[in-house]
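Engineer: I have a structure I would like to understand better, so I am pasting it below and will then ask my questions one at a time.
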Amino acid sequence: MKNKYSNALLRGVISLALIAYVVYKFQDKLPEVGHRLATANLWLVGVAVLLFWLAMTINAFKWWTLLRAQKIYVPFLSMLNFTFVGFFFNNILPANIGGDVMRGYGLARHTEQTAGATASVILDRLIGLSAYMSVAAVSALVAVFVTGRQDLWPLAAAAVLALLALMMIGGFLISRRISKLVSRLLHATFLHRIAPIWDSLAQAFASYRFKYKTLFYAFLIGLTGIATTSMVNYVLVQSLGGGIPLLDIFLFTPLIALVLIIPISIGGVGLSQAAYPFFYGLVGVPGELALTLSLFILAVQIFCSLPGGVLWLLWRNKKYQD
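Reminder that position 9 of the sequence shown reads as 120 in the numbering used here, one-by-one numbering, no gaps.
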């Protein structure tokens, strides 16, 4: 428990330090940032909000597709409910997995199949990250050769290595031989108490063995979600008067997402405000515009997560009534 609070405190300190750095760096441009935010086209902001909710719906559909491969049939609206609640907790909890835990909890309570729910959440996360890493790797390589920034090679390498690691983890989880080996090791050691949990999870993951078409469809759905998120950025830029080409947004959105995966801040606050000006500055976008976009994205994320908070309160009320 102490380590948990220490980790949260450290992330909070890093977020504050990054915010202080951004404020110092753009202190002369802050009035312009405020003016851009105050004069934004609210109709386009509304469109961006709808697109963000569409991206969340697409991600829920990806998860729903994976769940059906286990022959666990849940109404899509229920999956959307769990997705919104998970996104709400992703924004308020310091740990990046908080939302996944809540998604799994909601689904497990609904289906009474804890292992199947857990397996679907883990695989959904792996495929979603794989889609991001794939696009990020391609984007980083394009950025290196188009912008001539050789310092982005480490980012491209990190994306490729992360993609390979995710593929290995996925293969490990659905491999019959490896799952049996792990089971034997658990049963033969002091970890024998968790062996039944692993056996249940292994059986659930086995449902995806040879379901290559389903896994590929889920990957394509993940790419669609990334494209929709990129369009959120583009529409928000247009609400600020434009200034960033659509191609650049499709190039840098996955790279920024790759950086934000690094668990050093709370909800990406501070890290996002530092990443946007850096990446878009590579193609000559004014830093104040990129900073304004990062603040707008943060505001849209928080706003779009609010329905998840309401749904969670309904969960609690229903739980107490039961």
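Even glycine gets a Cβ: it sits at the ideal position worked out from N, Cα and C. Remember, predicted model here, so these are calculated numbers, not experimental data.
For L121, which residues of its own chain have a beta-carbon under 7 Å away from its beta-carbon, when the five flanking residues on both sides are left out?
Structural biologist: none
Engineer: Measure the alpha-carbon distance for T225 versus V271 and round it to whole angstroms.
Structural biologist: 32 Å
Engineer: So, helix, strand or coil for A180, using DSSP?
Structural biologist: coil
Engineer: Determine, using beta carbons only, whether Q434 and S311 come nearer to each other than 8 Å.
Structural biologist: Residue 434 lies beyond the residue range present for the chain, which begins at 112 and ends at 433; the question has no answer from this structure.
Engineer: Can you look up S286 in the DSSP assignment and give me helix, strand or coil?
Structural biologist: coil
Engineer: Got a sec? Which residues, its chain only, sit under 7 Å from W423 by beta carbon, not counting five neighbours each side?
Structural biologist: V196 and F199
Engineer: With 16 as the cutoff for other CB atoms within 10 Å, does L369 come out buried or exposed?
Structural biologist: buried
Engineer: Among the candidates V156, L161, W309 and I233, whose CA atom is the shortest distance from the CA of L178?
Structural biologist: I233
Engineer: Could you check what DSSP says for P397 in three-state terms: helix, strand or coil?
Structural biologist: For P397, the secondary structure class from DSSP, reduced to helix, strand or coil, is coil.
Engineer: So, for A367: in the same chain, excluding its five sequence neighbours on each side, which residues have a beta-carbon less than 8 Å away from its beta-carbon?
Structural biologist: First, the amino acid is wrong: residue 367 is Ile here, not Ala. The answer, listed in chain order, is S383, A386, Y387 and F390.
Engineer: G215 to T229, Cα distance in whole Å?
Structural biologist: 6 Å
Engineer: If A273 sits next to K173, beta carbons under 8 Å apart, how far is it from one beta carbon to the other, in whole angstroms?
Structural biologist: Between K173 and A273 the Cβ distance is about 19 Å, and since that is not below 8 Å, they are no contact.
Engineer: Which class does T150 belong to by DSSP, given the choice of helix, strand or coil?
Structural biologist: coil
Engineer: Does the stretch 160-168 come within contact of the stretch 126-135, defined as at least 3 CB pairs closer than 8 Å?
Structural biologist: Fewer than three Cβ pairs drawn from the stretch 160-168 and the stretch 126-135 lie within less than 8 Å of each other, which leaves the two stretches out of contact.
Engineer: For G281, which residues from the same chain have a beta carbon less than 6 Å from its beta carbon, with the 5 sequence-adjacent residues on both sides left out?
Structural biologist: L237
Engineer: Given a cut-off of 8 Å, decide if I169 and I332 are closer than it, judged by their beta-carbon atoms.
Structural biologist: yes
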